[in-house]
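Chains as they are written, first to last, in the numbering used here: chain S, 489 to 704; chain R, 730 to 894. Every residue gets a Cβ at the ideal spot worked out from N, C-alpha and C, and that includes glycine. Being a predicted model, the structure only gives us computed values, none of them experimental. What follows is one structure encoded as C-alpha cells, with my remarks underneath.
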Amino acid sequence: MRNRKTSISARRSVPRIRVADPARQGRWLTALTMAVVAAVLALGGLGARAQGAAVPTAEPPAEAAATDTRGIDEETQQLKKDAIDLNRELFMLEEELLFPANTQVAVFVSMDVGEFFALDSVQMKVDDREVANYLYTEREAEALLKGGVHRVYLGNLKVGEHELVAIFTGKGPNQRDYRRGATMKFVKAVGAKYLELKITDRQRRAQPEFEIKDWE
Amino acid sequence: MALACLALYAIVSAPGDARAAEPSLVGAPAPDFVLRSAAGSNLRLSEQRGDVVVLSFWSSRCNVCRAQLAELDRLYATYRPAGFVVLGVNVDDDVTAAREFAAGQKLQFPLLFDPTKAVARAYRVDALPMLVAVDRFGAVRFLSRNDKPGAAAEYVPALRALIDE
C-alpha cells in the first residue's frame with residue numbers, strides 16, 4: 489500500500505519536473521540563478537551590515553542599501569551589454585568566415601516596353617534551390633516599366649560554376665496566362681557578381697523575350 | 730528587502746507561456762506582405778499606406794467569418810471614400826474552395842489568399858475570424874477575436890474613430 493502511494497506521488501510529480509520548452513527552461517535557469525545570486529548578495533549584505541554595526545559609518549543604512557542595489561543593477565546591465573556585444577562579435581565573425589563580402593551575388597529584374605507581357609511574379613532558383621519568389625503588384629510592375637530596376641535576390645555563392653533558373657509568370661499577348669523560363673550558367677569568381685533578368689518585347693514575333701545578363 | 734523583491738520578481742516573471750513573452754502587435758508596424766487576390770492581381774499592404782486598413786482573416790469553413798465579411802462589406806461601401814480599405818485574408822489550404830466561397834459572397838473588397846499561412850503566422854492568427862485594424866501610418870491599432878453575433882458593435886465605433894483621426 490505504501491509502495492502504491494509512493495508511485496502515485498511520483499507519477500504526479502513528473503509533469504512538474506518535465507519542461508518541454510527550452511526557452512522556458514532557460515528562463516527558469518536564469519530566474520534560479522538570479523534568485524541564488526540575490527540570496528548570496530543579501531546574506532553578504534547582512535554579514536557586512538552586522539560587521540558594520542560595530543564600526544559606525546558616515547552613510548546611513550538606508551542610503552547604503554540603495555547604493556548597493558544601484559551597484560548591482562549597473563553590474564547586471566554591464567554584464568548584459570557585454571553578453572550582447574560578445575554575441576554580436578561572434579555573429580559577425582561567423583558571417584565573415586562563412587560568407588565573405590566577395591561571395592556576394594545580386595540579381596535584378598528590369599523590364600522594357602512591356603507591350604506583350606504584364607509581369608506577375610518571378611521565381612528564382614540557384615542550383616535547383618529556390619531562393620526567391622516575388623509577387624509584383626501593379627504599381628511595382630509600372631515602376632519597372634518606367635525604368636526601375638528591382639533587386640529580387642541578394643545572397644552568397646561559392647566560387648565556381650552555378651546555374652540560375654528564373655521563371656516568369658504574367659499575362660502575355662491577348663491577355664493570356666504566360667509562363668516562361670530563362671536559364672543561365674555562370675561562373676562565380678572572386679568578387680561580387682551581378683546578374684540582370686531582362687524582360688523585353690520582340691516586336692518581330694510580337695512576343696516577350698526573357699534573358700539573363702551578366703554584368704561583367 | 731530590495732534584493733528579496735528582485736529575486737521574487739525574477740521567479741514570478743520567469744515562467745509562462747512563450748507567446749506571452751512575444752511583444753504585442755498592437756502599436757507595432759503592421760508586418761508587410763504581398764498576396765494574390767481573387768481578382769488575379771497582387772496586393773501589397775504597404776501600398777495602402779494613408780488609408781485605414783482592416784485585415785480580416787477568414788476561412789471558407791468558418792460560418793462566423795461570413796457574417797463578419799458581410800458586415801465589413803457594408804462598412805467598406807460606406808467609408809471607402811473616406812480612405813477605408815478592407816482586405817479579407819483567406820487561410821485555407823485549398824485555394825479552389827476559397828475562390829468558390831469568394832465568388833458566392835460577391836464582396837466588393839479584395840479577398841486575398843494565404844495558402845502558405847505566412848501572413849497568418851506574421852499576425853499570430855489563433856482564432857477565426859480575426860480582425861486587425863491598421864492606421865493610416867501603417868501601425869496596428871487593435872485586434873478583435875470576438876466571434877459573437879454582436880461583435881460589430883464592439884469594433885465599428887473603434888474603426889470610425891480611426892477613420893476620423
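C-beta atoms of residue i and residue j nearer than 8 Å
i: L772(R); j: S766(R); result: yes
i: V863(R); j: D843(R); result: no
i: P758(R); j: A868(R); result: yes
i: V755(R); j: L872(R); result: yes
i: V637(S); j: F698(S); result: no
i: G779(R); j: G812(R); result: yes
i: V640(S); j: Y622(S); result: yes
i: F762(R); j: L801(R); result: no
i: V885(R); j: L798(R); result: no
i: V814(R); j: Q777(R); result: yes
i: F605(S); j: G658(S); result: yes
i: A680(S); j: Q592(S); result: yes
i: S598(S); j: L574(S); result: no
i: V854(R); j: V820(R); result: yes
i: L683(S); j: L642(S); result: no
i: V824(R); j: L764(R); result: no
i: L840(R); j: A851(R); result: no
i: D689(S); j: E628(S); result: no
Residue i, enclosing alpha helix (DSSP H) - first and last residue
i: L825(R); result: Here residue 825(R) is Thr; the residue named in the question, Leu, does not match the sequence. Unbroken alpha helix (DSSP H) run through T825(R): V824 to Q834.
i: D802(R); result: N792 to Y808
i: E883(R); result: A881 to D893
i: A629(S); result: E626 to L633
i: A606(S); result: Per DSSP, A606(S) belongs to no alpha helix (DSSP H); it is in the beta strand (DSSP E), A606 to V614.
i: A847(R); result: A847 to A851
Chain S contact residues for residue i, given Cβ-Cβ distances below 9 Å
i: V763(R); result: Y622, L623, Y624, T625 and E628
Buried versus exposed, by CB contacts within 10 Å (16 or more), residue i
i: I687(S); result: buried
i: V601(S); result: exposed
i: L567(S); result: exposed
i: P696(S); result: buried
i: F579(S); result: exposed
i: E618(S); result: exposed
i: L585(S); result: exposed
i: S785(R); result: buried
i: A654(S); result: buried
i: P878(R); result: exposed
i: S753(R); result: exposed
i: K634(S); result: exposed
i: W703(S); result: exposed
i: G535(S); result: The predicted position of G535(S) is uncertain, since its pLDDT is 47 and thus under 50; a value taken from the coordinates is nonetheless stated next. That one is exposed.
i: A870(R); result: First, the residue type needs correcting, since residue 870(R) is Arg and not Ala in the sequence shown. The residue is buried, with at least 16 neighbouring Cβ atoms inside 10 Å.
i: F866(R); result: exposed
i: A554(S); result: exposed
i: A827(R); result: buried
i: E577(S); result: exposed
i: Y836(R); result: Contrary to the premise, residue 836(R) reads as Leu rather than Tyr in this sequence. Per the 10 Å Cβ criterion, buried.
i: L581(S); result: exposed
i: A571(S); result: exposed
Partner residues on chain R for residue i, Cβ-Cβ distance less than 9 Å
i: D722(S); result: As displayed, chain S neither begins before 489 nor continues past 704, which places residue 722(S) out of reach and without an answer.
i: D689(S); result: By Cβ distance, chain R contributes nothing, its closest Cβ being about 22 Å from D689(S), past 9 Å.
i: D702(S); result: Those within 9 Å of D702(S) in chain R number zero; the least Cβ separation is about 28 Å.
Partner residues on chain S for residue i, Cβ-Cβ distance less than 8 Å
i: S770(R); result: T625 and E626
Residue range of the beta strand (DSSP E) that includes residue i
i: R929(R); result: Within the shown structure, residues of chain R are numbered from 730 to 894, placing residue 929(R) beyond reach of any answer.
i: A862(R); result: M859 to V863
i: S873(R); result: V869 to S873
i: E651(S); result: G648 to K659
i: G643(S); result: H638 to N644
i: S598(S); result: Q592 to M599
i: D665(S); result: D665 to K676
i: D702(S); result: Q695 to W703
i: S785(R); result: V781 to W787
i: A757(R); result: Careful: A757(R) lies outside any beta strand (DSSP E) and carries neither H nor E.
i: N771(R); result: N771 to R773
i: G817(R); result: F813 to N819
i: K681(S); result: K681 to R690
Per-residue contacts from residue i into chain S (C-beta, under 7 Å)
i: R773(R); result: T625
i: E776(R); result: T625 and R627
Beta-carbon neighbours of residue i, restricted to chain R and to distances below 7 Å
i: D600(S); result: Within chain R, no residue comes near D600(S); the closest Cβ sits about 21 Å away, beyond 7 Å.
Chain-ordered neighbours of residue i on chain R, where CB pairs are closer than 8 Å
i: D608(S); result: N771
Evaluate contact between the segment 670-677 of chain S and the segment 640-651 of chain S, counting only Cβ atoms and requiring at least three cross-stretch pairs below 8 Å. yes
Contact between the segment 792-808 of chain R and the segment 856-870 of chain R is defined here as three or more beta-carbon pairs at a separation below 8 Å; is this criterion met? yes
For the 8 Å Cβ check, are there 3 or more pairs between the segment 556-563 of chain S and the segment 608-619 of chain S? no
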